[in-house]
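Heads up: the structure comes next, in structure tokens.
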Amino acid sequence: MSYIARLTSIIKRNLPLRVSLMIGSALSVLLFASLFTMFYFSRKTLKENALNRASYSLQQAMTNIDNILLSVEETAGNTYFNLRLDKPQLLDSVSARMMEANPYITGCAIALASGKDYEKEAWFSETVATKEAKWVRQQVEQDSVIDQFISFCLPIVVAGGNVAGVIRADISVSLLSGIIAEARPSPNSYCALMDSDGSFIVHPMENGLLTPDGQNMSEASIRQAVNAMVSGNAGYVPFETDGHRYYLFYKPFERAEVPYRTEADYHWSIGMAYDEHDIFGAYYRLFNWVVAITLGGIAVMYLLIRLIVLRQLRSLEMLTRHAERIAQGHYNEPIPTTPKIDELGVLQDNFLHMQQSISAHMDKLNELSNDIKQRGRELKAAYKQARQAEKMKTGFLHNMTDQMIQPAFAIAENVTALCGNDKESVTATNELVDKIEQDGTTITQLLNNLLDLSEREMDEEKGGEA
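In my numbering, the protein residues as written are 37 to 502.
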């Protein structure tokens, strides 16, 4: 027999165990259903809170980044209005004052169109060609070290609409990323600012600056997240990296509307990556604790139910043992009474009455059985006496019959002799007739005796029946 079959057999034979399992299972199902409902809505609420928190954090990060960019733009604009092109020897000191006035500016250059050194630079040529202020990304290699910058390029427009030069204010991406990282809302969250081509303007981690292109990341889930960011939509998407699961919340980067600020749309996107543990860590800890407490509570609950059921069914077990004893013929064993007035108490009282009734009936049956046995013995003795009387009657009848045979034969012989006599032997005939008469009288007396005996027996039987 298999283990499951043995366990099933034990459960079927053990009523307290079966009742305890039924009650415990029902309560466990209700408890788990309640916990599942609670955790389902708790997770839903946590997710909604995470969405709200991420939206708020994104807005805060976007505001912080925009404030930094705006401060650089204002510094460059103030320099533009105070700039004197007739004294080119002062341009280096003006650049130094720009860096002193704004701590976010890590590099500055004022390039004039007359200077041939900057004509081959993309930031210079594009700004001169478009005559619009813009932010551009650039890399500068110094001593085999590549620095990433985002630079605000402001064209210097003179009379006639010509561009006399460009004011460039640089912000180190590393510095900007560090400033943003300090304001992250959770220990494992990251903020990223991305260009329309999927390149990082603000990298989520300072040590990742050597991989500015998000679409060339090795993890496919990160590339999908990058593609979602540069789509220009708002939303969130999960991704995994280094064995951690993140939720990336993203939206288009919106610049504050400030007078005299360029309204160019750079199609930037900003994203905030939350570690799943930061979002649901408390939920998972609570879930683990609740599951552990629930399992322990179910075990304790089952033990309590088991004890209660055993205590409540103790009377039933006692009645079961007495029922087995009654089935074995022990009808007079005492059954204790109970002060309980519940169903088991009523059952025990009814069982006691049933036992007493069975005992009384068995006493009557024993008495009746003894009477039947006594009457059987008496009938047996009467039967023996009847057999003896029958034998005596048979012997008597045989004796009477034997006594009747001789007179009957004598009558037959006398009749034969009488028939053979002639009419003249009167005397002999009379003698034969007398003998026939005597023999007939003898037979008649014997028959009368038999009839009298039979009538007496009939009278005795009628008297016995009466």
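Beta carbons are placed, not taken as given, at the ideal position from N, Cα and C, and that holds for glycine.
The structure displayed is predicted, hence computed values, not measured ones.
What's the gap between the Cα of R413 and the Cα of E491?
29 angstroms
With DSSP collapsed to three states, give me the class of G279.
coil
Using a Cβ-Cβ cutoff of less than 8 angstroms, which residues in the same chain neighbour L87 once the five nearest sequence positions on both sides are dropped?
Y272, F285
Given Y296 as reference, the closest of I101, T430, E168 once Cα atoms are compared
E168
Compare the C-alpha of I258 against each of V238, S267, I237, Y282 and name the closest.
Y282
Select from S267, Q125, L105 the residue whose C-alpha is nearest the C-alpha of A205.
L105
For the beta strand (DSSP E) that contains V202, what are its first and last residues?
199 to 208
Can you tell me which of A228, K123, Q392 puts its alpha carbon nearest to the alpha carbon of G214?
A228
Three-state secondary structure assigned by DSSP to W304
coil
Roughly how many angstroms lie between the CA atoms of S305 and M337, to the nearest whole one?
55 angstroms
Tell me which residues share the same chain as G60 and place their Cβ nearer than 6 angstroms to its Cβ, disregarding the 5 neighbours each side in the sequence.
Y338, I341
Within 8 angstroms, do at least three Cβ pairs link the segment 125 to 135 to the segment 304 to 324?
no
Is it buried or exposed for S56, if we count other Cβ within 10 angstroms and need 16 for buried?
buried
Please look up how many angstroms separate the CB atoms of I447 and D475, rounded, as I've assumed it's under 8 angstroms.
5 angstroms
With a threshold of 16 other CB atoms inside 10 Å of the CB of S131, please say whether the residue is buried or exposed.
buried
Indicate the three-state DSSP secondary structure (helix, strand or coil) for Y320 in the structure shown.
helix
May I have the straight-line CA-CA distance separating V262 from T330, to the nearest angstrom?
42 angstroms
For I216 and D102, the rounded distance between their alpha carbons
11 angstroms
F289 in three-state terms, based on DSSP
coil
Let's see if you can read the secondary structure: which residues bound the beta strand (DSSP E) around V130?
Run containing V130: none in the beta strand (DSSP E); it sits in the alpha helix (DSSP H), 127 to 137.
With 16 other Cβ atoms within 10 Å as the buried cut-off, status of D314:
buried
In terms of residue numbering, what span does the alpha helix (DSSP H) encompassing V164 cover?
158 to 166
Can you check whether the CB of P221 is closer than 8 angstroms to the CB of S93?
yes
Alpha carbon to alpha carbon, how far is Y419 from I394? Give it in angstroms, no decimals.
36 angstroms
Three-state secondary structure (DSSP) at G271?
strand
Put G196 into one of helix, strand or coil per three-state DSSP.
coil
Give me whichever residues DSSP pairs with A335 in a beta bridge.
Answer is none; A335 lacks a bridge partner.
In this structure, what does DSSP give as the bridge partners for L14?
As shown, the chain starts at 37 and ends at 502. That puts residue 14 outside it, with no answer to give.
Could you tell me which of Q424, I192, F188, T44 sits nearest to I237, measuring between CA atoms?
F188
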